[in-house]
Amino acid sequence: MAEKNLFREIPKMDILLENPELQSLMEKVGRSVVVDQARGCLDELREELKKNPTEETLREGCSNLIPKIIAKISHHKERNLKPVINATGVVLHTNLGRAPLPQEAIKRLASEMGGYMNLEYDLNAGKRGERYSHFEEMICRITGAEAAMAVNNNAAATMLMVSAVGRGKEVIVSRGEQVEIGGKFRIPDIIDQSGAKRVEVGTTNKTHISDYEDKITEDTAALLKVHHSNFKITGFTENVSREDLVELGRKYDVPVIEDLGSGILIDLSKYGYEKEPTVQDSLKAGVDVVSFSGDKLFGGPQAGILVGKKKYIDLCKKHPLTRAMRIDKCSAALLETVWSMYEDEAYAISHIPVLAMLLAPEETLQEKAEYFASKLEGLKKWNADFAIVETQNPAGGGSLPGEVFPGRAIAISSATISPDEMASRLRGANPPVVARIENDELYFEVRTLSYEEMDILSDILLKEYEK
Ligand SMILES: *Cc1c(COP(=O)(O)O)cnc(C)c1O
18 MAEKNLFREI PKMDILLENP ELQSLMEKVG RSVVVDQARG CLDELREELK
68 KNPTEETLRE GCSNLIPKII AKISHHKERN LKPVINATGV VLHTNLGRAP
118 LPQEAIKRLA SEMGGYMNLE YDLNAGKRGE RYSHFEEMIC RITGAEAAMA
168 VNNNAAATML MVSAVGRGKE VIVSRGEQVE IGGKFRIPDI IDQSGAKRVE
218 VGTTNKTHIS DYEDKITEDT AALLKVHHSN FKITGFTENV SREDLVELGR
268 KYDVPVIEDL GSGILIDLSK YGYEKEPTVQ DSLKAGVDVV SFSGDKLFGG
318 PQAGILVGKK KYIDLCKKHP LTRAMRIDKC SAALLETVWS MYEDEAYAIS
368 HIPVLAMLLA PEETLQEKAE YFASKLEGLK KWNADFAIVE TQNPAGGGSL
418 PGEVFPGRAI AISSATISPD EMASRLRGAN PPVVARIEND ELYFEVRTLS
468 YEEMDILSDI LLKEYEK
């Protein structure tokens, strides 16, 4: 056949699109997507024919055309944002989306969020309502606060609290609490951005109550306390307690506000860990407004929660910044669900993944590690060795600084594949796996792995070490 005629044999677009498989794909992804990918494949076929103008090229090209288009569409539609297996043991992994959500909350999203909802509609009165009303009463009941609200994240909540309570006047903060938590969040910058005037007292390691008192004037609007979040100051140190700060505030009629960072609701010391001040502790000490994250130790959606005295929460609700930071309907529904799980502490601990993973007893982790190991026997065939090892897991997310939880990992070493090479292959797996390298071995921490994930992961590992 003449070269010209070969090109004429390439199917025309409209004929190609009559293919039933492409027709059904059009319903799923839209006509334009199918046409674009089909055009790309036809162009490629023309290029091949130019290079190699034979009937065989034409025949093969045509018979592969439909599967190729389908594969291209599926690749084109693959999501960049996707689930990954977190084998790092870090429960609040900031780069991996922090808190995984409770099933109960996810089910609600899937079943209820597609349509309309009474987000800002009071069904009793038949008129405009408030988006916080759905969970405010419950938050107050659980924490002992007078009022509550929520915004997009805790950085926003802190900024709003400082701005609303600081009202263009002075906010006093200790130099020992000028925290940077990463991602450009720095307390001094937040105060400056809020419009309040920052007054620093004390030194890096020591701040005394008299340091605060010396700086209180007519212009003082608030005393700010900030959780250290991701570091510890040890040695020759002194820090003013919440109680003392509140007492000082009362004496001069100045409110005390606190950025609690992670904000935990349950007392960790009951479970054998170091005491971490809870949201309730802070309120009980008399702090006027407390801000904390929704997706750190609380274990819910990204959000910033504000609890405290009605007078100040009302200021926050009315503040012009609030609209720019407002919580969306999905997060509001998730928050309501997760708060309701805290009505029973035992239930919260077993059903909120962050708490369940963090407080998993060592025996449970050992059992998981043994199960995982039992699925990896096949690795030995491929020159890879593995063992259950005792490890220590930080909580992550800039919470519980210095605290580690005894963990269990499977450590894999291979004579033929370097840990870096394997870690990179695992990141490219489906689903991607994020593991940790230590002592030239790959570590897979079971704390953050479900049984289902261990099944998937063991299949991936057997396949990758076989290559
Ligand atoms: C994490 C943290 C924040 C920021 O919270 P996001 O929810 O990430 O915005 C603010 N302050 C402290 C002390 C924190 O630990």
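In the numbering used here, the protein residues as written are 18 to 484.
Ideal Cβ positions, reconstructed from N, Cα and C, are used throughout, including at glycine.
- Per DSSP, the unbroken beta strand (DSSP E) holding D402 starts and ends at 401-411.
- DSSP places E379 within a helical segment (H, G or I) once states are collapsed to three.
- Just so you know, the alpha carbons of R148 and K328 end up roughly 18 Å apart.
- Within the segment 198-262, the runs of beta strand (DSSP E) that reach at least 3 residues and sit entirely inside it are, in chain order, 214-218, 237-243.
- I27 is positioned such that its CB atom lies closer than 8 Å to that of R63.
- With 5 Å as the limit, the residues whose C-beta approaches a heavy atom of ligand 1 more closely than that are N170, N171, A172, I198, H244, S246, D276, G278, S310, G415, in chain order.
- By a beta-carbon distance limit of 8 Å, S308 contacts T175. Their separation comes to about 5 Å.
- Uninterrupted alpha helix (DSSP H) stretches at least 4 residues long and entirely within the segment 37-103 occur at 37-46, 48-68, 72-94, given in chain order.
- The alpha-carbon of Y364 is positioned some 13 Å away from that of G316.
- Within the same chain, no residue comes within 6 Å of H92 by CB-CB distance, once the 5 residues on both sides are set aside.
- With a 10 Å radius around the Cβ and a threshold of 16 neighbouring Cβ atoms, A377 comes out buried.
- Between V371 and L109, the C-beta gap is smaller than 8 Å, which places the two residues in contact.
- Distance from M471 to F403 at the Cβ level is roughly 13 Å; contact not present, criterion being Cβ atoms closer than 8 Å.
- Look at E35 here: in three-state DSSP terms it is coil, with no helix or strand label.
- In this chain, the alpha helix (DSSP H) harbouring D298 covers 296-301.
- DSSP, reduced to helix, strand and coil, places V451 within a strand of the structure shown.
- Across the set T234, F253, I198, the C-alpha of I198 shows the shortest separation from the C-alpha of N247.
- The Cβ atoms of L265 and I226 lie closer than 8 Å to each other.
- If you draw a straight line from the Cα of A238 to the Cα of Y359, it is about 33 Å long.
- In the three-state reduction of the DSSP assignment, D276 falls in the strand class, which pools E and B.
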